[in-house]
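Just below is one structure, and these are the notes that go with it.
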Amino acid sequence: MDAPLWTETHAPGLDDLPQPEVRDRLRRAVDEPMNLVVQG
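Have a look at this one:
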């Protein structure tokens, strides 16, 4: 691929997510190695 992926260009930062629980869990997943499954 020549162009960047859509997610690389437009992905929200963790602080932009409106759900506090989601922010906390994703922040932990970024900070600590863990298995992560995202469904939705």
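Quick note: the sequence shown, position 3, residue 561 per my numbering, numbers continuous.
For glycine and all other residues, C-beta sits at the position ideal for the given N, C-alpha and C.
| Asked | Found |
| --- | --- |
| For P591, which residues of its own chain have a beta-carbon under 7 Å away from its beta-carbon, when the five flanking residues on both sides are left out? | none |
| I'd like to know whether the C-beta atoms of L584 and L572 end up nearer to each other than 9 Å. | yes |
| Would you report the Cα separation of P578 and E566, rounded to the nearest angstrom? | 23 Å |
| Alpha carbon to alpha carbon, what distance is there between D574 and R581? | 9 Å |
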